[in-house]
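Asks: So in our numbering, spot 130 of the sequence shown is number 138, and the numbers just go up one at a time. Beta carbons are placed, not taken as given, at the ideal position from N, Cα and C, and that holds for glycine. The structure is given below, and queries will be raised subsequently.
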Amino acid sequence: MKMAKIATLMFALVFAFGFLVPNAFADDQAAMTMGKPSALSSMVGTSVLNPKGDYLGRVSDFVIDSQGHVTFAVVSHGGFLRIREKDVAVPYGSFSYDRQKGHFVLDVTPDKLNMAPTFVKRDLYHEKWAEDVYRYFGQAPYWTEGDLVEKGIKPMEEPLTGFDDSFYPYGQTP
9 MKMAKIATLM FALVFAFGFL VPNAFADDQA AMTMGKPSAL SSMVGTSVLN PKGDYLGRVS
69 DFVIDSQGHV TFAVVSHGGF LRIREKDVAV PYGSFSYDRQ KGHFVLDVTP DKLNMAPTFV
129 KRDLYHEKWA EDVYRYFGQA PYWTEGDLVE KGIKPMEEPL TGFDDSFYPY GQTP
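Below you can see the structure in the form of C-alpha cells.
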C-alpha cells in the first residue's frame, strides 16, 4: 500500500514537471519571436516612453469594442505618485512594443500627450469621439476602412473596459 502511494506521488510529480518545464521554455522561446499573444492584464502597468526615451506614463487599462478589437490603451500620466494622474485613451495601433526593454513606445511629445483629449466612460460609446481621438494621434479609425464598413460593423456599440457602472454618478449609464 505504501509503495502504491509513493508510485502515485512520483507519477504526479513527473506529470506536473512534464507540463511545467516545457511551458517555461516555450514562454522564453515565444518571447523572442514577434506576435506572441499576451494577456492584456499582463500589460497593465507597463511604462510608455516616446522614441527619445521620455517617460510619458503607464498603461492603466484597455478598451475592447463589441467585435473584440482592442481599440484604446488608457495611459495614465502626470501627477505625482499616481495622485492626480490624467487618463488619456490612445488608439492601440499608435503603440509599438519594445520587447528588449519591456515598455510601450508612443511617438508623441509629453506636451502632445498632456493636451490629448481626456474621457469619461460614456465617451467610449460615441463613435465621433473615438474618431476624433484616433485622428488626434494621427491614426485612421480602423472601422472606417474597407471590410468593416462594407459589413456595417460599428465597433463602439458596447465597449468593454475595466471601469464599472459605479463610475457614473447616481448609477446612470449612457
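Straight-line CA distance for Trp137 to Thr117?
Replies: Roughly 22 Å separates the two Cα atoms.
Asks: For the beta strand (DSSP E) holding Leu57, just list the boundary residues, first then last.
Replies: From DSSP, the beta strand (DSSP E) with Leu57 extends over Ser55 to Leu57.
Asks: From Tyr150 to Val71, what distance separates their C-alpha atoms?
Replies: Going from the Cα of Tyr150 to the Cα of Val71 covers about 14 Å.
Asks: Taking the continuous alpha helix (DSSP H) assigned at Ala138, which residues delimit it?
Replies: Its alpha helix (DSSP H) spans residues Glu135 to Tyr144.
Asks: Is DSSP giving Ser84 helix, strand or coil here?
Replies: The answer is strand: DSSP assigns Ser84 an E or B state.
Asks: Across which residues does DSSP place Gly65 in a beta bridge pair?
Replies: Bridge partners of Gly65: Val56.
Asks: Find the nearest neighbour of Asp95 within the set Lys129, Phe112, Ala148 and Gly110, judged by alpha-carbon distance.
Replies: Nearest of Lys129, Phe112, Ala148 and Gly110 to Asp95, Cα basis: Lys129.
Asks: Taking the alpha helix (DSSP H) that Leu114 falls in, what are its first and last residues?
Replies: Not the alpha helix (DSSP H): Leu114 falls in the beta strand (DSSP E), residues His111 to Leu114.
Asks: What three-state label does DSSP hand Asp106 in the structure shown?
Replies: Strand.
Asks: Mapping DSSP to helix, strand and coil, what is Pro149?
Replies: Three-state DSSP puts Pro149 in coil, outside helix and strand.
Asks: Looking at Phe112 and Thr152, is the spacing between their C-beta atoms short of 8 Å?
Replies: No, Cβ-Cβ distance for Thr152 and Phe112 is not below 8 Å.
Asks: Provide the residue(s) that pair with Lys94 in DSSP beta bridges, ordered along the chain.
Replies: DSSP, once it has assigned bridges, lists His85 as partnering Lys94.
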